[in-house]
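Encoded as C-alpha cells, the structure appears first; notes follow it.
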C-alpha cells in the first residue's frame, strides 16, 4: 500500500515535470514560428510547423493566419476546434495523448500587445518514447526503493513496537503491583487478611457492570475499592486495633484516615482516580456521613456503589468481633438502610444480583478470590 502511494506521488511529479518540459519546448518553437510569420516568410512558417506544430494560428489586429500541417486526421482537427473555442485570454496549455502520441495545445498573447498565438504541438516520436521511459523508470525506481526500504524497516519497526508494548505492559504491571501491595498492606494491618480487599473489589466490579458503568469508570472504581482504607496506615494501633467501641476522641482520630488516604493517592497520577471512593465511601445518602456530610447524588457514583458492597462484605464475612451474618439477614439489614445509608437505586440494583455475587465471591476462599481479581485486573488494565 505504501509502495503504491509512493508510486502514485512519483508519477504525478514526473508527469508535471514532463508537462513543464514539453511546454518549454512548445513555447520556444511557437516563438520561432511567430517570428518567421511576422517577417512574411510563410515558407519558413510552414517549415517550422512541420518541424513541431500540426496547427498554428497567429492573430494580429483584425488579421488571423492559420497554418495546418498536411495529413492531420479529422479527429485531431476536431480536438483543435474544441480547444480553440475554449481559448480565452492569457497563457494556458493543455497536454493530452492521442493516436499514441503526446500533444500540447498552447495559447498565449504576443508581446506586441495586440496579437495572440494558438497552436497544437506534437512531441517528436523518439523524444516522446524517451520521456515515457524516463517516467516509467522513475516511478518503478521509487516503488522498488519503497518496497526494499519497507522490507528492511518493517522488522525494525515491529521490534520497536514490541518493545514499546512490553514497556507499557511493564508499567501497567508495576502500577497494579503497587495498587495491590499498598491495599494489602493496610488490609493485613487492619484484619490480618487480604480477603476483604479481594472480595469487595470483585463485588464493586460486578455491581458497576450491572448498573452500566463504562470501562474507564470501572478502572477508577477498582483503584478506589482496593485503596479505600489506605489512610489507615497513619492511624495508631491503639485506635485501629482496639477490640471494643471507640471513644468520641478515638473516632475523631479514625475519621482522619480519609484525609490521609486522599493525601497518599494524590501523589500518584495513576492512583489519583481512587480519590472518589476514598473520599466518599463513608458519606451517607441522607447526609449524615463524613468527612463532608455529602448527600444524594452529590456523593460520587463510585463511592455510592462502593458503600453498598463494602457494608455487604462486612455483614457476610467473619470478623474478629463477630460471626458472618446469613445472606437473608444481611439483605434485610441493608434494605433498612435504603435511602438513609445507601443510594436507593444502587441498592435495589445490587439486591437484584446479591445472591449470585454471594455465591461467586463470599463463599470462595482467599486463593480463589485473589485469582479471580488478578484476572479482572489484567483484563481491565492489561
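In my numbering, the protein residues as written are 24 to 405.
Just so it is clear, CB atoms sit at the ideal spot from N, CA and C, and this is done for glycine as well.
Quantities reported herein were computed from a predicted structural model and do not represent experimental measurements.
Host beta strand (DSSP E) of residue i (start-end)
| i | result |
| --- | --- |
| residue 88 | 86 to 91 |
| residue 142 | 138 to 145 |
| residue 79 | 76 to 83 |
| residue 124 | 124 to 132 |
| residue 118 | 115 to 121 |
Close-in-space but distant-in-sequence residues of the same chain around residue i (CB under 8 Å, 5 per side omitted)
| i | result |
| --- | --- |
| residue 96 | 122 |
| residue 338 | 347, 348, 352, 353, 356, 357 |
| residue 73 | Confidence is the limiting factor: at residue 73 the pLDDT is only 45, short of 50, which leaves the residue's position unreliable, though a coordinate-based value still follows. Here the set comprises 92. |
| residue 295 | 288, 289 |
| residue 89 | 78, 79, 80 |
| residue 120 | 126 |
| residue 271 | none |
| residue 113 | 131, 132 |
Identity of the residue in the options nearest residue i by Cα
| i | options | result |
| --- | --- | --- |
| residue 246 | 264, 278, 300, 279 | 300 |
| residue 363 | 307, 331, 348, 333 | 307 |
| residue 348 | 334, 131, 291 | 334 |
| residue 147 | 126, 101, 361, 318 | 126 |
| residue 406 | 236, 225, 81, 283 | With the chain covering 24 to 405 only, the question about residue 406 has no answer from this structure. |
| residue 324 | 290, 305, 291, 394 | 305 |
| residue 291 | 118, 275, 205, 94 | 205 |
| residue 234 | 260, 329, 259 | 329 |
| residue 13 | 341, 107, 230 | No statement about residue 13 is possible, as the shown extent of the chain runs from 24 to 405 and does not include it. |
| residue 219 | 295, 252, 89, 283 | 252 |
| residue 377 | 231, 92, 178 | 231 |
| residue 345 | 375, 271, 267 | 267 |
| residue 254 | 88, 302, 401 | 302 |
| residue 280 | 256, 119, 228 | 256 |
| residue 118 | 128, 264, 124 | 128 |
| residue 350 | 382, 401, 371 | 382 |
| residue 340 | 395, 384, 237 | 384 |
| residue 124 | 99, 105, 109 | 99 |
| residue 372 | 227, 86, 109 | 227 |
| residue 209 | 87, 264, 320, 94 | 264 |
6 Å CB neighbourhood of residue i in its chain, flanking five on each side removed
| i | result |
| --- | --- |
| residue 103 | 78, 143 |
| residue 298 | 285, 288 |
| residue 273 | 262 |
| residue 132 | 139 |
| residue 313 | 278, 305 |
| residue 366 | 308, 327 |
| residue 283 | 254, 257 |
| residue 394 | none |
| residue 310 | 316, 318 |
| residue 239 | none |
Neighbourhood of residue i by C-beta distance below 7 Å, restricted to the same chain and skipping five residues each side
| i | result |
| --- | --- |
| residue 198 | 293 |
| residue 223 | 248, 332, 333, 336 |
| residue 82 | 138, 139 |
| residue 277 | 258, 262, 269 |
| residue 398 | none |
| residue 200 | none |
| residue 27 | With a pLDDT of only 49 at residue 27, under 50, the local geometry of the prediction cannot be trusted, and no value is derived from it. |
| residue 396 | 221, 224, 225 |
| residue 392 | 218, 221, 222, 225, 384 |
Supposed close pair residue i, residue j - CB separation, criterion 8 Å
| i | j | result |
| --- | --- | --- |
| residue 250 | residue 202 | 7 Å |
| residue 287 | residue 327 | So it is not a contact: roughly 22 Å between Cβ atoms. |
| residue 413 | residue 403 | Missing from the structure shown is residue 413; the chain here goes from 24 to 405 and no further. |
| residue 80 | residue 141 | 5 Å |
| residue 145 | residue 75 | 7 Å |
| residue 229 | residue 380 | 5 Å |
Residue i, enclosing alpha helix (DSSP H) - first and last residue
| i | result |
| --- | --- |
| residue 378 | 367 to 380 |
| residue 398 | 389 to 404 |
| residue 328 | 324 to 339 |
| residue 262 | 260 to 263 |
| residue 298 | 298 to 303 |
| residue 218 | 218 to 234 |
| residue 244 | 238 to 249 |
| residue 321 | Unbroken run through residue 321: none, as it is neither H nor E. |
| residue 98 | 97 to 108 |
| residue 286 | 271 to 288 |
| residue 351 | 350 to 359 |
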